[in-house]
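Everything in the sequence shown is counted per full-length UniProt numbering, starting at 1 for the first residue and increasing by one.
Glycine included, every Cβ here is placed at the ideal spot set by N, Cα and C.
Because the structure is a prediction, the values reported are computed rather than measured.
Step one of this worksheet: look at the structure below.
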Amino acid sequence: MQHPKHRAAVVGTGGIAHRHAQSLAALGDRAELVAVAELDPDRAAAFAAQYGVPAVYGTAEALLAAEELDLVHLCTPPKTHAPLAIAAMRAGVPVLVEKPTALSLAEMDELAAVQEATGTPVLTVFQHRYGAAAVRLRRLLEAGVLGRPLVAVCETLWYRDDDYFAVPWRGTWDAEGGGPTMGHGIHQYDLLLSVLGPWTEVRAAAGRLSRPTDTEDVSMALARFANGALATVVNSVVSPREVSRLRFDFEHATVEVEHLYGYTDADWRFTPAPGHERLADMWIPDDAAPASGHVLQIRSILDALDSASEGDATEPGVSLAEARRTLEFAAATYASAFRGRPVAAGEITGDDPFARGMDGGAVPWAPTRKAVTA
Numbered sequence: 001m002q003h004p005k006h007r008a009a010v011v012g013t014g015g016i017a018h019r020h021a022q023s024l025a026a027l028g029d030r031a032e033l034v035a036v037a038e039l040d041p042d043r044a045a046a047f048a049a050q051y052g053v054p055a056v057y058g059t060a061e062a063l064l065a066a067e068e069l070d071l072v073h074l075c076t077p078p079k080t081h082a083p084l085a086i087a088a089m090r091a092g093v094p095v096l097v098e099k100p101t102a103l104s105l106a107e108m109d110e111l112a113a114v115q116e117a118t119g120t121p122v123l124t125v126f127q128h129r130y131g132a133a134a135v136r137l138r139r140l141l142e143a144g145v146l147g148r149p150l151v152a153v154c155e156t157l158w159y160r161d162d163d164y165f166a167v168p169w170r171g172t173w174d175a176e177g178g179g180p181t182m183g184h185g186i187h188q189y190d191l192l193l194s195v196l197g198p199w200t201e202v203r204a205a206a207g208r209l210s211r212p213t214d215t216e217d218v219s220m221a222l223a224r225f226a227n228g229a230l231a232t233v234v235n236s237v238v239s240p241r242e243v244s245r246l247r248f249d250f251e252h253a254t255v256e257v258e259h260l261y262g263y264t265d266a267d268w269r270f271t272p273a274p275g276h277e278r279l280a281d282m283w284i285p286d287d288a289a290p291a292s293g294h295v296l297q298i299r300s301i302l303d304a305l306d307s308a309s310e311g312d313a314t315e316p317g318v319s320l321a322e323a324r325r326t327l328e329f330a331a332a333t334y335a336s337a338f339r340g341r342p343v344a345a346g347e348i349t350g351d352d353p354f355a356r357g358m359d360g361g362a363v364p365w366a367p368t369r370k371a372v373t374a
């Protein structure tokens, strides 16, 4: 069935907004970018001119009031994600939010309440789930051919210099929500969680070792999963040789990837265990597969929206429930690191300070460098 083009809008025109605009352009037979909202009029005009956007608004509220939309992309600083997502849902527009979806589990639960009341979904950008190799890995695991997952390693070892944190909202708890645990490594360990499933316990450490931030610049976690697997998760912005790495050791094979900001099939390696060499025939790389990125996830969302229009109940990804599990892993990492004890899944609830903010009011290092109120 031929579907009309989906009308999309972008809110915020920072660096990541260009990735969204370019992805929508790549899906030009499926979607069109019809409007943009940005507080800075000069930046809004430049963005609109670059991508041929016909309508420009000074605020998200004005955009939502004026436009008939099928999807709105939130590309604003993290502190604004929850309130803007709520505004979009109340306007009846599905919303795709850059990570992190919100700054706390309490905000995630508020989003869930509005989603239930409006029936309008809020989705999170976790594009690495959609690369061909990750899809293949989950399919083989679900088929049982790899055996039980046993050990995993997840590393986001990146480098951000002091100038990077000169942007006022970066490196602050109140505006960014956290350091590399929230803003950098979250893509890698979200992919880890999408493969290994529910986690049950986290033991962690975190530190501000080098950067001029309020938040941590390094965190390390040891996680236990419901299926018995154990995993280490390292997030850093002080590592000069940058790499993003995931390794999964199953009973019958090791599957690993090393990349930086997006992987192709060529970045993955499959090593069968002795006696299981035939499994290599089931790992067939697709040299033509695109790199993991926004295009793949947005295409999947549009597919789900089209299916819904035909009466299919296919849920677009990444759903709020899935995103909450990932954000809860971040909260547990901070809570364990700052409280000095293991944290169980489901433990951070209600009035727990770590449900209201990732710092939990318990950051052990020096007084804050700066505070952002806007």
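Collapsed DSSP secondary structure at residue i in the structure displayed
i    : result
D249 : strand
A9   : strand
F126 : coil
A112 : helix
M358 : coil
A221 : strand
S104 : coil
L141 : helix
E61  : helix
L230 : strand
S210 : coil
A91  : coil
P240 : strand
V363 : coil
Between the CA atoms of residue j and residue i - distance to the nearest angstrom
i    : j    : result
V151 : V243 : 20 Å
L63  : V56  : 8 Å
L157 : G207 : 15 Å
V146 : W268 : Sequence inspection shows Leu at residue 146; the Val mentioned does not correspond to that position. Spanning the two alpha carbons is a distance of roughly 16 Å.
A266 : A332 : 33 Å
V238 : V34  : 39 Å
P274 : A280 : 11 Å
R290 : G350 : According to the sequence provided, residue 290 is Pro. The question's Arg does not apply to it. Answer to the nearest angstrom: the Cα atoms are 42 Å apart.
H18  : F47  : 8 Å
R129 : A49  : 32 Å
V95  : D163 : 31 Å
A25  : H259 : 25 Å
A134 : R247 : 12 Å
Whether residue i touches residue j by CB criterion (9 Å)
i    : j    : result
T254 : T271 : yes
V195 : R224 : no
L103 : G177 : yes
R241 : T213 : no
S236 : P180 : yes
F126 : L191 : yes
G12  : P77  : yes
E61  : A44  : no
M89  : M358 : no
Range covered by the beta strand (DSSP E) that runs through residue i
i    : result
S336 : Element bounds for S336: not the beta strand (DSSP E) but the alpha helix (DSSP H), L320 to R339.
A207 : Here the sequence assigns Gly to residue 207, which means Ala is not the residue at that position. G207 -> beta strand (DSSP E) spans W199 to G207.
H73  : L71 to L74
Y159 : P149 to Y159
A37  : A31 to A37
Any chain D beta carbon closer than 9 Å to residue i
i    : result
T213 : Protein chains in the displayed structure number just one, and chain D is not present.
Delimiting residues of the alpha helix (DSSP H) encompassing residue i
i    : result
E176 : W173 to E176
V195 : I186 to L196
F47  : P41 to Y51
Those runs of the beta strand (DSSP E) which lie wholly inside the segment 254 to 318 and span at least 3 residues: 268 to 272
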